[in-house]
Amino acid sequence: GSEYPVVVMPLAWTLPSLMNRNLIYTAITRAKRLVVLVGERRALAVYVRQVRGSERYTGLVERLTS
């Protein structure tokens, strides 16, 4: 996949179909140096709770809390 020095991701409430943890994981893993999540904490909580497809261990919680 593509990598970028900095990734800025808006956490929008307007597209519920896109609110899933896979999207957050992709944004974080594409950033080489810095990822900026822009939005409300409760929106992030909704994204992280939503799982599309089969569940797998991604380390997302650890990446967000470190």
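According to the working numbering, the sequence shown is numbered sequentially starting from 10.
Just so it is clear, CB atoms sit at the ideal spot from N, CA and C, and this is done for glycine as well.
- Item | Coil, strand or helix - residue 46 by DSSP | strand
- Query: Are residue 146 and residue 57 close, meaning C-beta to C-beta below 8 Å?
  - Reply: The structure shown does not extend to residue 146, since the chain is modelled only from 10 through 75, so no value can be given for it.
- Message: Short of 6 Å in beta carbon distance, which residues of its chain neighbour residue 47, apart from the five on each side in sequence? Order them along the chain.
- Response: 19
- How would you label residue 72, buried or exposed, when you count the other beta carbons within 10 angstroms and need 16 or more for buried? It counts as exposed.
- So who's on the other strand from residue 18, going by DSSP bridges? Bridge partners of residue 18: 46.
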